[in-house]
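S.K.: I have a structure here, written as C-alpha cells, and I will follow up with some questions on it.
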Amino acid sequence: MEPVRTCVACRSRAPKSSLLRVVARESELVVDDNASLPGRGAWLHPTIECYRMAVQRRAFGRALRVTTALDTITLENRLNGTVSI
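As numbered in this note's numbering, the sequence shown has no gaps in its residue numbers, which increase by one up to the final residue, 78.
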C-alpha cells in the first residue's frame, strides 16, 4: 500500500508518487524529486492549474510555515515545460 498525501492547492488526496514535493530553500521553492531534502515539504499535483491555485491561495507559505515571500518562478517554469536561463 502506497503512502497518500494531500495536494496543497486542490486539497485532494493522491498517491505520493503522483505528486511533487516542494521545499523552501532560502526564499525559493525547490522541487524535491527524491523526497529526501530536509525540512517541511508541501505536496502538489504536477499541473499548472494546481500551481496557480496554490499561489492564489498562498498555500505554499502556509504549508511550509514560511512568513517571507517565496520565489516560485523555477517551479512555474518546470510545470510549463520551459527552461529558465
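For each residue, glycine too, the CB sits at the ideal point set by N, CA and C.
What are the partner residues of residue -1, as DSSP defines its beta bridges?
M.R.: 6, per the DSSP bridge assignment.
S.K.: Between the beta-carbon of residue 20 and the beta-carbon of residue 63, is there less than 8 Å?
M.R.: yes
S.K.: Identify the residues that DSSP records as bridge partners of residue 47: which are they?
M.R.: Residue pairing by DSSP leaves residue 47 without any beta bridge partner.
S.K.: Could you tell me which residues DSSP puts in a beta bridge with residue 35?
M.R.: 15
S.K.: What do you get for residue 34, buried or exposed, if any count of 16 or more other CB atoms within 10 angstroms of its CB means buried?
M.R.: buried
S.K.: Taking residue 57 as part of the beta strand (DSSP E), name the residues at either end of that continuous run.
M.R.: Here residue 57 belongs to no beta strand (DSSP E); instead the alpha helix (DSSP H) covers 52 to 57.
S.K.: Could one say the Cβ of residue 60 lies closer than 8 Å to chain B's Cβ atoms, at least one of them?
M.R.: In the structure shown, chain B cannot be found, because there is only a single protein chain.
S.K.: Rank -6, -4, 14 by C-alpha distance to the C-alpha of residue 40 and give the top, closest one.
M.R.: 14
S.K.: Taking the DSSP output, what are the residues bridged to residue 64?
M.R.: Bridge partners of residue 64: 21.
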